[in-house]
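Q: Sending over a structure as structure tokens; questions will come in a sec.
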Amino acid sequence: MEDPRILPFQTPIQYFGKMGNSDLYIKREDRIFFSQGTKIRKLQGIYNSLVEKVGRENIRKIVLQGNLHSNAVLAGCLFFQWAKIPTKVFGYSRDINLKSPASILVRRFSESEILETRVNWLKKRESISGTLKPVMLLSNPEISFDEYVLFESTKEKGTFYLPEYLFCSESFSGLDLLWKETSYSEFDSIFLDLGTGLTWLSALKHSSILPPVYGLSLGLKLPKLRSWLEERIQNLSFPFKLSWKNIFDAREIDPKNSYKFGERDRFWEELSKNYFKRSGIYFEPVYSAKSIRILEELIQKEILKGKILYIHQGGNLQSFTGI
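Residue numbering for the sequence shown follows numbering that gives the first Met the number 0, beginning at 0 and increasing consecutively.
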């Protein structure tokens with residue numbers, strides 16, 4: 000099997016078309032590994048780090064954590080199945096009977112332990128925290144399982160627990176190649192969904208070689224996202240003070256439409272289909288179609304202009320919308 004450390008990742012940049020007086024281009028991260036996009040870059044960073052620290056032969060099982068239906072769980076399940084490393088999903092689902100692409104693939108390829116509420120899951124996590132140790136030496140020896148770092152089981156050697164949302168310094172380093180694999184100097188700006196903020200932080204880390212980077216908060220309201228991210232950034236060794244001046248809240252830009260977390264309704268599904276007919280690129284209705292909608296608003300208001308590059312971070316496999 001080809002070593003996952005050298006999986007080729009360079010993704011193309013495709014012209015979307017005119018928006019007003021501006022030109023929109025798409026960085027096709029959705030072309031990576033079943034449209035898992037930047038999640039695979041993060042997993043690559045985690046995998047590389049574990050191989051360097053403990054050796055490939057000593058990685059016996061990976062435990063993925065979080066919402067059973069999340070993109071992070073789905074990407075992790077697919078990546079480690081491909082890498083031939085057994086996985087377990089230790090997570091929760093608010094509807095235990097709900098079927099999603101993630102839950103179907105987890106049940107096919109992984110061992111699983113799913114709690115019915117996030118509260119119960121957090122309690123179970125707390126109960127096993129004494130059997131885990133951080134993989135890397137940390138400046139704070141009292142680090143808890145609530146922190147976003149990699150842990151190894153002390154009961155099952157070679158079993159590694161990945162943090163929820165894949166949010167850790169190892170996944171952060173996996174995003175470096177995204178900004179180094181090609182030149183972005185021809186663009187006037189870069190635009191991306193914040194999500195957990197990791198890809199945006201990576202762009203800021205490489206800001207010296209990039210045009211201005213703008214981010215969009217779709218799920219959490221911006222104040223809550225800001226608080227969440229600033230609490231967790233210490234584990235990333237992030238070298239800069241955060242600036243939020245180039246971050247937009249979808250609800251403020253387009254108050255007429257709903258941007259509730261994970262919501263998908265007929266309006267967004269139809270918009271997704273229209274964007275596909277217009278560009279030949281599929282933007283799923285939960286995240287990326289909403290981002291393109293906000294971009295249209297920002298261009299119409301001349302807040303953004305010129306040559307704009309949108310980072311399409313993938314996730315299409317989770318969509319049930321037909322084209």
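Using N, Cα and C, we set each Cβ at its ideal position, and we do this for glycine too.
Does the distance from the CB of Thr195 to the CB of Lys60 come in under 8 angstroms?
A: For the purposes of this step, residue 195 is taken as residue 196 along the sequence shown, with counting starting at 1. For the purposes of this step, residue 60 is taken as residue 61 along the sequence shown, with counting starting at 1. No, Cβ-Cβ distance for Thr195 and Lys60 is not below 8 angstroms.
Q: Would you kindly report the start and end of the unbroken beta strand (DSSP E) that includes Gly90?
A: Here residue 90 refers to the residue found at position 91 when the sequence shown is read from its first residue. Run containing Gly90: 86-91, per the beta strand (DSSP E) assignment.
Q: Exposed or buried, what is Leu303 when buried is set at 16 or more other beta-carbons lying within 10 Å of its beta-carbon?
A: What you label residue 303 is simply residue 304 of the sequence shown in a count that begins at 1. The residue in question, Leu303, is buried, as its Cβ has 16 or more Cβ neighbours within 10 Å.
Q: Roughly how many whole angstroms lie between the Cα atoms of Leu137 and Leu149?
A: Locating residue 137 in the sequence shown gives position 138, where the first residue counts as 1. Locating residue 149 in the sequence shown gives position 150, where the first residue counts as 1. Confidence at Leu137 is low in this model, with a pLDDT of 46, below 50, so its placement is unreliable and the value that follows should be read with caution. Going by the C-alpha atoms only, they are around 11 angstroms apart.
Q: For Glu11, which residues from the same chain have a beta carbon less than 6 angstroms from its beta carbon, with the 5 sequence-adjacent residues on both sides left out?
A: Reading the sequence shown from its first residue, position 12 is the one you call residue 11. In the sequence as displayed, the identity of residue 11 is Pro instead of Glu. Once the five neighbours on either side are set aside, the close Cβ partners of Pro11 are Arg27.
Q: Mark Val118 as exposed unless 16 or more other C-beta atoms lie within 10 angstroms of its C-beta, in which case mark it buried.
A: The residue you call residue 118 lines up with position 119 of the sequence shown. It counts as exposed.
Q: Is the beta carbon of Gln312 closer than 8 angstroms to that of Asp175?
A: Here residue 175 refers to the residue found at position 176 when the sequence shown is read from its first residue. Here residue 312 refers to the residue found at position 313 when the sequence shown is read from its first residue. Their beta carbons are not under 8 angstroms apart, which means Asp175 does not touch Gln312 by this criterion.
Q: Using 8 angstroms for Cβ pairs, my map puts Leu209 next to Trp178. What's the rounded Cβ distance?
A: Taking the sequence shown and counting its residues from 1, the one referred to as residue 209 is at position 210. Taking the sequence shown and counting its residues from 1, the one referred to as residue 178 is at position 179. About 6 angstroms; that satisfies the 8 angstroms criterion.
Q: Would a C-beta distance cut-off of 8 angstroms place Lys38 and Ala71 closer than the cut-off?
A: Position 39 of the sequence shown, counted from the first residue, corresponds to residue 38. Position 72 of the sequence shown, counted from the first residue, corresponds to residue 71. Against a cut-off of 8 angstroms, the Cβ pair of Ala71 and Lys38 comes out as a contact.
Q: Could you please give the first and the last residue of the uninterrupted beta strand (DSSP E) stretch that includes Thr158?
A: Position 159 of the sequence shown holds residue 158. Element bounds for Thr158: 158-160.
Q: Within the chosen definition, does the region 165-174 reach the region 232-239 through at least 3 CB pairs nearer than 8 angstroms?
A: The region 165-174 is in contact with the region 232-239.
Q: Is Phe33 near Leu77, with beta carbons less than 8 angstroms apart?
A: Mapped onto the sequence shown, residue 33 falls at position 34. Mapped onto the sequence shown, residue 77 falls at position 78. For Phe33 and Leu77, yes; Cβs fall inside 8 angstroms.
Q: Here's a check: name, in chain order, each residue in its chain whose Cβ is nearer than 7 angstroms to the Cβ of Ala74, leaving out the five neighbours to either side.
A: By one-based count along the sequence shown, residue 74 stands at place 75. These residues qualify, in order along the chain: Gln35, Lys38, Ile39, Leu42.
Q: Is the distance from the Cβ of Leu131 to the Cβ of Ser111 below 8 angstroms?
A: Position 132 of the sequence shown, counted from the first residue, corresponds to residue 131. Position 112 of the sequence shown, counted from the first residue, corresponds to residue 111. Taking 8 angstroms as the Cβ cut-off, Leu131 and Ser111 do not qualify as a contacting pair.
Q: Strictly under 8 angstroms for the Cβ-Cβ distance: is Lys156 near chain C by that measure?
A: Absent here is chain C; the protein component of the structure consists of one chain.
Q: Using the beta-carbon count (16 or more within 10 Å), is Trp243 buried or exposed?
A: Against the sequence shown, residue 243 aligns to sequence position 244. Trp243 comes out exposed.
Q: Since Arg292 and Leu270 are thought to touch, with beta carbons under 8 angstroms apart, how far apart are those beta carbons, to the nearest angstrom?
A: For the purposes of this step, residue 292 is taken as residue 293 along the sequence shown, with counting starting at 1. For the purposes of this step, residue 270 is taken as residue 271 along the sequence shown, with counting starting at 1. The Cβ separation is near 6 angstroms, so the contact holds.
Q: Kindly indicate the opening and closing residues of the alpha helix (DSSP H) around Gln80.
A: On the sequence shown, position 81 is the one that residue 80 refers to. Element bounds for Gln80: 70-81.
Q: By alpha-carbon positions, which one of Gly218, Ser182, Gly65 ends up nearest to Ser207?
A: Your numbering for residue 207 matches position 208 in the sequence shown. Checked all of Gly218, Ser182, Gly65; the closest Cα to Ser207 is Ser182.
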